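Below is one structure; the comments refer to it alone.
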Amino acid sequence: MSELKFHSYRQPAGGWGALRASMQSLRQQGILSAGTALLLKSNQAEGFDCPGCAWPDPDAHSTFEFCENGVKAVAAEATSKRVTADFFARHSVRWLAQQSDYDLEEFGRLTEPMMYDAASDHYQPVSWEQAFAQIARHLHALESPNQAIFYTSGRTSNEAAFLYQLFVREFGTNNMPDCSNMCHEPTSLGMPESIGIGKGTVTLEDFDHADTLLLFGHNPGTNHPRMLGTLRDAAKRGCRILVFNPLRERGLQRFVNPQDPGEMLTNHGTEIATHYYQPRIGGDYAIALGIARYLLEQGSLDQDFIDIHTEGFNALKKIALDTPWAEIESESGLSHAELMEIGKIYDSGKASIITWGMGITQHKHAVATIQMLVNVLLLKGNMGKPGAGACPIRGHSNVQGDRTMGIWERPAADFLDRLGKEFGFEPPREPGHDVIGSIAALEKGEAKVFFGMGGNFANATPDTQRVHEALRHCELTVHVTTKLNRSHVVHGKNALILPCLGRTEIDIQNGQPQGITVEDSMSMVHISQGIRVPASPQLKSECAIIAELAEATLPNSKTPWRALVEDYDRIRDRISRVVAGFEDFNARVHQPRGFHLDLPPRSRRWTTPSGKAQFIAQPLHHITEGRFVPKSTARIFNLMTIRSHDQYNTTIYGYEDRYRGVSGARNICFMHPEDMAELGFAENSLVDIISHWTDGERVARSFRLLPYDIPRSCVAGYYPELNVLVPLSSHADRANTPTSKSIRVTFHAVTKRDD
1 MSELKFHSYR QPAGGWGALR ASMQSLRQQG ILSAGTALLL KSNQAEGFDC
51 PGCAWPDPDA HSTFEFCENG VKAVAAEATS KRVTADFFAR HSVRWLAQQS
101 DYDLEEFGRL TEPMMYDAAS DHYQPVSWEQ AFAQIARHLH ALESPNQAIF
151 YTSGRTSNEA AFLYQLFVRE FGTNNMPDCS NMCHEPTSLG MPESIGIGKG
201 TVTLEDFDHA DTLLLFGHNP GTNHPRMLGT LRDAAKRGCR ILVFNPLRER
251 GLQRFVNPQD PGEMLTNHGT EIATHYYQPR IGGDYAIALG IARYLLEQGS
301 LDQDFIDIHT EGFNALKKIA LDTPWAEIES ESGLSHAELM EIGKIYDSGK
351 ASIITWGMGI TQHKHAVATI QMLVNVLLLK GNMGKPGAGA CPIRGHSNVQ
401 GDRTMGIWER PAADFLDRLG KEFGFEPPRE PGHDVIGSIA ALEKGEAKVF
451 FGMGGNFANA TPDTQRVHEA LRHCELTVHV TTKLNRSHVV HGKNALILPC
501 LGRTEIDIQN GQPQGITVED SMSMVHISQG IRVPASPQLK SECAIIAELA
551 EATLPNSKTP WRALVEDYDR IRDRISRVVA GFEDFNARVH QPRGFHLDLP
601 PRSRRWTTPS GKAQFIAQPL HHITEGRFVP KSTARIFNLM TIRSHDQYNT
651 TIYGYEDRYR GVSGARNICF MHPEDMAELG FAENSLVDII SHWTDGERVA
701 RSFRLLPYDI PRSCVAGYYP ELNVLVPLSS HADRANTPTS KSIRVTFHAV
751 TKRDD
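Under the UniProt record's numbering, the sequence shown has 572 at position 572, and the numbering climbs by one with no breaks.
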């Protein structure tokens with residue numbers, strides 16, 4: 001890390017800056033030539049799916065179907081750097097724990113399985129057979145299968161996810177927390193109650209037909225940059241794009257497509273947002289309610305759609321009309337004129353799409369907000385027609401597919417029925433632990449083994465200090481991974497690191513190359529086949545690791561684990577008989593571009609108990625009255641955590657947050673200039689940030705304040721550094737998603753740090 005630098009960024013997103021950063025990442029990993037060739041196979045029909053975000057691929061691919069952050073993800077995986085047994089012999093775990101998250105990632109690819117030796121405080125080589133035997137011994141020693149936690153990252157393939165959940169359920173538990181628990185769980189809970197499914201209802205083609213886009217709580221320039229190409233095309237044909245984001249983000253303002261010679265030559269690009277609104281953090285429910293009230297008072301409704309396809313309209317109407325405009329304005333942070341403008345624009349549209357990300361889902365009232373956004377769509381019949389619908393923006397490349405494959409702590413009964421029939425066993429029916437429940441179980445000693453299929457549980461979760469201590473209580477922690485991260489140095493009494501193949505690498509089973517499948521944010525399922533020689537001959541695929549672990553742990557299993565892994569088509573055949581919508585899986589996925597899952601709302605079929613879409617609403621005062629207000633004499637701010645441009649989830653690629661003008665440091669916090677002046681802070685002031693909750697205070701030490709265009713009394717800073725401030729018991733109603741976008745904090749000036 002170098003010295004903090006901060007300036008106002010005036011350039012468009014994308015363009016030459018993205019091109020330079022992409023080439024720099026390849027050069028930094030020592031693969032400039034090989035990496036450039038590798039990228040030509042990224043997101044191609046005869047290539048591999050990008051291990052980054054879940055934004056879908058267009059039907060007509062260009063040769064260059066990747067973005068800057070996709071390049072960084074591919075470069076990180078294809079790096080020439082290696083972490084060998086000699087590396088671990090030279091460096092103790094204590095030393096590794098003192099390294100930054102960035103440095104842990106930068107050491108390179110893991111090459112062989114490693115086992116922690118407490119006597120020496122070093123990881124030491126272990127054979128795969130010994131590793132599986134040790135895991136099996138610990139699992140068999142448990143008093144109950146429910147004393148084990150099996151976590152899943154969203155980069156796990158459909159085939160691996162299906163085998164993983166099968167193994168875990170044959171072992172006897174539904175303790176399968178996953179990264180969905182920390183991001184789109186409110187979507188998965190709220191949307192089925194409204195329209196019968198927990199997935200988006202649009203395809204990429206719908207963006208070509210929409211005349212109005214409403215974008216809530218996400219930043220594509222950093223989190224899913226390929227979406228900028230879609231937004232650019234929409235903007236160029238005159239689509240109205242309304243952005244709702246507390247921060248003014250460069251990627252939502254102007255974008256230069258690096259594939260457009262004209263835009264690159266002029267560096268001018270395309271204006272993205274036709275209207276940019278900066279609500280107060282958490283004000284989105286009020287905005288959606290305001291749109292509904294506008295439509296009811298002075299707009300037009302699709303009354304035929306409402307009468308034929310919906311229930312609950314009168315209850316929504318009463319709530320909307322009974323809510324004073326002054327209350328909506330105060331809670332949203334927008335003026336009456338802005339709310340009228342939004343309502344008028346939406347009302348005039350013929351086909352509208354609403355998108356949302358974690359700026360919506362990581363709030364206490366996330367489920368209610370998502371259902372109100374769906375209400376807005378239903379009022380105008382913007383569901384089940386071209387260019388219209390709901391579009392939750394997923395993060396990891398297969399987080400949606402993992403849930404489809406059964407990675408869920410609360411599985412549906414019919415899924416378990418089909419699974420048990422197919423594999424000849426009785427699956428457990430008792431709901432398991434989600435992420436929050438898993439951490440609590442680890443803290444109490446009710447869970448003793450933690451197994452992580454990818455991801456970085458120690459840093460991705462809230463209440464960092466509590467989570468780290470809980471993991472250290474484990475009898476055994478196991479992580480399947482490609483590179484080092486914080487979870488590998490915050491370990492149990494016994495620990496294993498199991499290195500796996502990456503998405504870009506050739507997966508050979510029984511002498512034949514295999515392809516895995518993924519499901520993107522818009523329910524397209526397609527095949528991905530690595531093309532690069534693996535980083536080490538000792539690496540195993542996730543599917544192989546699961547199968548061999550299952551054989552070691554479940555000697556009486558009827559499942560032919562090794563035979564399934566010899567040919568992944570065999571896994572897909574089993575999936576086709578268990579997972580609804582995947583009938584004839586192999587025949588369909590081996591077609592060019594794969595296939596789209598049948599989503600009932602696209603044809604105005606509603607798989608709700610009544611067979612109709614539901615208007616579901618709460619009075620605005622119900623949303624606000626449960627809000628925690630600290631008893632503090634200091635000024636209270638509302639903090640939201642965000643990504644920098646140089647990271648993907650907890651993976652830190654560098655210290656350049658280019659579009660916000662920050663470089664050289666990550667311990668920073670953005671605040672409105674007038675708030676800084678009122679508190680007596682100048683740019684670069686050193687502060688401690690204190691979060692307040694019912695169980696006490698938490699402190700993030702030594703952060704620098706930077707002035708930024710953000711609403712008054714709202715602040716923002718990077719995760720995972722600020723996860724320490726998120727209380728474990730502060731989460732979305734019913735969904736348990738951490739409230740990482742709404743943390744009550746105060747600031748304490750630090751003149752000198754000597755502790």
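Glycine is no exception: its CB is placed at the ideal position from the N, C-alpha and C atoms.
Please read these numbers as outputs of a predicted model, since none were measured by experiment.
For residue i, three-class secondary structure by DSSP
{"i": "tryptophan 561", "result": "helix"}
{"i": "aspartate 417", "result": "helix"}
{"i": "glutamine 24", "result": "helix"}
{"i": "proline 392", "result": "strand"}
{"i": "aspartate 322", "result": "helix"}
{"i": "serine 632", "result": "coil"}
{"i": "alanine 677", "result": "helix"}
{"i": "tryptophan 408", "result": "coil"}
{"i": "valine 74", "result": "helix"}
{"i": "aspartate 754", "result": "The pLDDT assigned to aspartate 754 is 48, lower than 50, so where the model puts this residue is not dependable, and the model offers no usable value."}
{"i": "tryptophan 16", "result": "helix"}
{"i": "aspartate 178", "result": "strand"}
Cβ neighbours of residue i in the same chain (closer than 7 Å, five flanking residues each side left out)
{"i": "alanine 366", "result": "Pro186, Ile360, Ala732, Ala735, Thr737"}
{"i": "valine 565", "result": "Gln509, Cys543, Ala544, Ala547"}
{"i": "valine 750", "result": "Leu686, Val687, Asp688, Ser702"}
{"i": "histidine 433", "result": "Ile149, Asn175, Pro177, Glu409, Ala441"}
{"i": "proline 431", "result": "Asn174, Glu409, Arg410"}
{"i": "serine 632", "result": "His692, Thr746"}
{"i": "threonine 203", "result": "Met522, His596"}
Where residue i falls, given that 16 or more other Cβ within 10 Å makes a residue buried
{"i": "aspartate 206", "result": "buried"}
{"i": "threonine 744", "result": "With the sequence shown as reference, residue 744 is identified as arginine, and threonine is not the correct amino acid for it. Its Cβ being crowded by 16 or more others within 10 Å, arginine 744 is buried."}
{"i": "glycine 269", "result": "buried"}
{"i": "arginine 698", "result": "buried"}
{"i": "aspartate 755", "result": "Note on aspartate 755: pLDDT 47, under 50, position unreliable in the model; no value is reported."}
{"i": "aspartate 584", "result": "exposed"}
{"i": "aspartate 57", "result": "buried"}
{"i": "asparagine 174", "result": "buried"}
{"i": "serine 541", "result": "buried"}
{"i": "leucine 321", "result": "exposed"}
{"i": "glycine 401", "result": "buried"}
{"i": "glycine 626", "result": "exposed"}
{"i": "isoleucine 516", "result": "buried"}
{"i": "proline 392", "result": "buried"}
{"i": "arginine 650", "result": "Strictly speaking, residue 650 in this sequence is threonine, with arginine absent from that position. Classification of threonine 650: buried, given that the 10 Å Cβ count is 16 or more."}
Contacts around residue i, its chain only, beta-carbon distance under 6 Å, and the 5 residues preceding and following it disregarded
{"i": "proline 499", "result": "Leu110, Leu539"}
{"i": "histidine 216", "result": "Reading off the sequence, residue 216 comes out as phenylalanine, not histidine. Once the five neighbours on either side are set aside, the close Cβ partners of phenylalanine 216 are Phe244, Asp284, Trp356, Ile360."}
{"i": "cysteine 53", "result": "His224"}
{"i": "isoleucine 642", "result": "Ala716"}
{"i": "proline 427", "result": "Arg169, Leu416, Leu419, Gly420"}
{"i": "methionine 191", "result": "Gly198"}
{"i": "residue 782", "result": "Any answer about residue 782 is impossible in this case: the structure gives the chain only from 1 up to 755."}
{"i": "leucine 339", "result": "Gly290"}
{"i": "phenylalanine 425", "result": "Glu170"}
{"i": "threonine 222", "result": "Arg643, His645"}
Other residues of its chain near residue i: CB distance less than 8 Å, five sequence neighbours each side excluded
{"i": "glutamate 683", "result": "Phe6, Met676, Leu705, Leu706, Pro707"}
{"i": "isoleucine 306", "result": "Phe313, Leu378, Leu379, Gly381"}
{"i": "asparagine 267", "result": "Gln11, Pro12, Gly15, Trp16, Val256"}
{"i": "serine 576", "result": "Phe582, Glu583, Asp584, Phe585, Asn586"}
{"i": "aspartate 598", "result": "Gly581"}
{"i": "glutamate 528", "result": "Rather than glutamate, the amino acid found at residue 528 in this sequence is serine. Around serine 528: Gly47, Phe48, Asp49, Ser157, Arg503, Gly515, Ile516, Thr517, Val518."}
Any non-hydrogen atom of the ligand MN closer than 7 Å to residue i Cβ
{"i": "isoleucine 571", "result": "Among the ligands in the structure shown, none appear at all, so the ligand MN cannot be discussed."}
- Runs of alpha helix (DSSP H) wholly within the segment 267-316 (minimum 4 residues, chain order): Listed in chain order, they are 284-298, 303-309.
- Start-end ranges of the beta strand (DSSP E) lying completely within the segment 682-730, minimum 3 residues: Runs of the beta strand (DSSP E) inside the segment 682-730: 686-693, 696-707, 714-718.
- Query: Is there contact between the segment 367-387 and the segment 604-620, where contact requires at least three CB pairs shorter than 8 Å?
  - Reply: Counting Cβ pairs under 8 Å, three or more are found: they touch.
- Item | alpha helix (DSSP H) runs contained entirely in the segment 86-156, provided each spans 4 or more residues | Positions of the alpha helix (DSSP H) runs, each at least 4 residues long and wholly inside the segment 86-156, are given as 93-97, 101-106, 128-140 in order along the chain.
- Item | Segments of 3+ residues assigned as beta strand (DSSP E) that fall wholly inside the segment 478-537 | Here the runs fully enclosed are 494-499, 516-519, 524-528.
- Message: Give the list of continuous beta strand (DSSP E) stretches no shorter than 3 residues that lie fully inside the segment 555-610.
- Response: Fully enclosed beta strand (DSSP E) runs of 3 or longer: not present.
- Item | Completely contained beta strand (DSSP E) runs for the segment 423-459, where each covers 3 or more residues | If we require 3 residues or more, the beta strand (DSSP E) runs fully inside the segment 423-459 come out as 449-453.
- Query: At a cut of 8 Å, does the segment 88-98 reach the segment 121-133 through at least three beta carbon pairs?
  - Reply: Contact holds: three or more Cβ-Cβ distances are below 8 Å.
- Message: Would the segment 452-462 count as touching the segment 470-485 if we require 3 or more Cβ pairs under 8 Å?
- Response: These segments touch.
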